[in-house]
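S.K.: Numbering (this note's numbering), first residue to last: 218 to 633.
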């Protein structure tokens with residue numbers, strides 16, 4: 218059974234994020250302390266948690282060591298935990314054999330995988346963890362989408378020039394705001410629930426008919442597009458994601474949505490397809506048909522947006538409608554977002570570590586599915602396909618960093 222093992226006391230490093238606007242940090246002091254208690258050494262770059270109100274003193278009290286700069290941090294690290302992608306400068310700081318864990322998004326930027334492979338880094342991406350039952354507690358896509366869906370509604374409510382709830386006052390009755398949520402995944406369902414709690418009337422659409430009951434359980438109305446049996450079978454991938462639908466389905470969906478959008482005060486779009494540009498769900502004509510002062514929050518802005526007219530990280534007005542295209546909503550709530558992300562990372566570390574040693578079992582579905590590069594090669598099938606190269610097979614024997622002890626039998630394999 219293929220294993221790659223580290224034998225030295227593991228040093229886990231947490232750098233300060235370098236991406237513009239990123240306020241999260243990979244570990245909270247609490248989780249850092251728990252990893253220290255588990256026998257690991259945790260190194261944190263000075264100021265890494267300031268933007269999320271996780272201060273250096275709190276990390277010190279938890280048992281972590283504060284390191285003054287990134288170069289010193291990366292020079293000592295066995296494992297680097299981060300939120301987003303490393304910069305080219307940071308990649309050059311990584312030692313050969315370092316394990317890098319973060320939300321790397323290599324389907325959107327596959328060239329990053331080549332750079333990490335060339336550097337000899339084992340890269341594990343949190344957004345590539347299989348969406349299976351035993352990996353739910355590691356699922357950062359879900360945890361961060363929960364934050365994003367919640368914040369999207371708050372942003373819509375703040376920018377909409379009217380109340381969300383029904384109000385009966387001495388000055389008259391104010392009708393509740395009407396909203397549409399496009400995409401009923403984790404972010405969409407959180408948006409529906411949040412909008413309902415604020416008193417709005419909410420409709421939702423999704424290509425997956427199976428989400429209808431979930432939408433209704435949150436008080437939303439499901440906008441249902443008639444589907445053939447073939448379309449129903451195609452609507453959802455094995456991992457639970459929405460998939461690309463036929464042009465005929467898109468036409469029927471657009472016609473139905475167009476009718477509803479005219480009456481909406483706010484629209485929140487969340488539709489994403491892994492490794493593909495975001496589907497265009499709201500056309501310029503639909504935007505034009507909306508009431509002046511209406512608000513659209515496009516949560517798919519990073520992948521091109523679900524709305525014609527979305528501009529990444531900007532708020533623009535088109536046809537008297539405000540279109541908001543921020544690409545990192547979780548970073549606008551760094552406290553809760555960091556808390557959830559750190560717990561996801563801790564669970565993954567526990568899955569990978571046994572007796573203080575990192576074990577990469579490529580027979581394990583989670584490890585294999587999330588590992589992007591290893592041994593100087595791209596080993597993640599979808600990323601290799603995006604690069605147009607042949608995927609490298611998983612290692613069949615220990616790497617140079619491994620010890621020479623025999624791999625455990627199948628019955629002894631660590632349970633995640």
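Using N, Cα and C, we set each Cβ at its ideal position, and we do this for glycine too.
#1: Among 406, 229 and 349, whose alpha-carbon lies nearest the alpha-carbon of residue 581?
#2: Find the nearest neighbour of residue 547 within the set 365, 372 and 478, judged by alpha-carbon distance.
#3: In whole angstroms, give me the CA-to-CA distance for residue 532 and residue 361.
#4: Please give me, in chain order, every unbroken run of the alpha helix (DSSP H) with length at least 4 that falls completely inside the stretch 462-519.
#5: Which residue's Cα is closest to the Cα of residue 342: 335, 368 and 303?
#6: Could you name the residues that DSSP lists as bridge partners for residue 591?
#7: Please specify which runs of the beta strand (DSSP E), each continuous and at least 3 residues long, are wholly inside the stretch 375-449, giving them in chain order.
#8: Throw me the rounded Cβ distance for the residue 284 and residue 261 pair, which I believe falls under 8 Å.
#9: Give the straight-line distance between the Cα atoms of residue 232 and residue 493, rounded to the nearest whole angstrom.
#10: Over what stretch of residues does the beta strand (DSSP E) that includes residue 634 continue unbroken?
#11: If residue 499 sits next to residue 487, beta carbons under 8 Å apart, how far is it from one beta carbon to the other, in whole angstroms?
#12: Taking the alpha helix (DSSP H) that residue 335 belongs to, which residues open and close that run?
#13: Please state whether DSSP places residue 549 in a helix, a strand or coil.
#14: Is the beta carbon of residue 370 sitting closer than 9 Å to the one on residue 484?
#15: For the beta strand (DSSP E) that residue 273 lies in, which residues bound it at each end?
#16: Does the beta-carbon distance from residue 373 to residue 396 come in below 9 Å?
#17: Looking at C-alpha atoms only, which residue of 541, 501, 351 and 320 is the closest neighbour of residue 512?
#18: Quick test of the definition: if touching needs 3 or more C-beta pairs under 8 Å, does the stretch 588-607 touch the stretch 319-328?
#19: Quick check on DSSP: helix, strand or coil for residue 317?
#20: I think residue 561 touches residue 354, with their Cβ atoms under 8 Å apart; what is that distance to the nearest whole Å?
#21: Below 9 Å between beta carbons: does that hold for residue 517 and residue 481?
#22: In or out: residue 319 buried (at least 16 other Cβ within 10 Å) or exposed?
#23: Nearest to residue 425 by CA position, among 489, 506, 552 and 508, is which residue?
#24: Are the beta-carbon atoms of residue 676 and residue 388 separated by less than 9 Å?
#25: Is the beta carbon of residue 530 less than 9 Å from the beta carbon of residue 239?
M.R.: Taking the definition as stated:
#1: 349
#2: 365
#3: Going by the C-alpha atoms only, they are around 22 Å apart.
#4: Uninterrupted alpha helix (DSSP H) stretches at least 4 residues long and entirely within the stretch 462-519 occur at 464-478 and 501-506, given in chain order.
#5: 303
#6: 594
#7: 384-386, 389-391, 395-399 and 418-422
#8: 7 Å
#9: Taking the Cα positions, residue 232 is about 30 Å away from residue 493.
#10: Past the edges of the chain, shown from 218 to 633, lies residue 634, and the structure says nothing about it.
#11: Contact between residue 499 and residue 487 is absent: CB atoms are separated by about 12 Å, not below the 8 Å threshold.
#12: Segment 328-336, the alpha helix (DSSP H) holding residue 335.
#13: The answer is helix: DSSP assigns residue 549 an H, G or I state.
#14: Cβ distance not < 9 Å, so residue 370 and residue 484 don't count as in contact.
#15: It is not in any beta strand (DSSP E) - residue 273 instead sits in the alpha helix (DSSP H) that spans 273-278.
#16: yes
#17: 541
#18: As far as the Cβ criterion goes, the stretch 588-607 touches the stretch 319-328, which means the pair count is three or higher.
#19: Three-state result, residue 317: strand.
#20: Yes, they are in contact, since the Cβ atoms of residue 561 and residue 354 sit about 7 Å apart, within 8 Å.
#21: no
#22: buried
#23: 489
#24: In this structure the chain extends from 218 to 633, so residue 676 is not present and cannot be described.
#25: no
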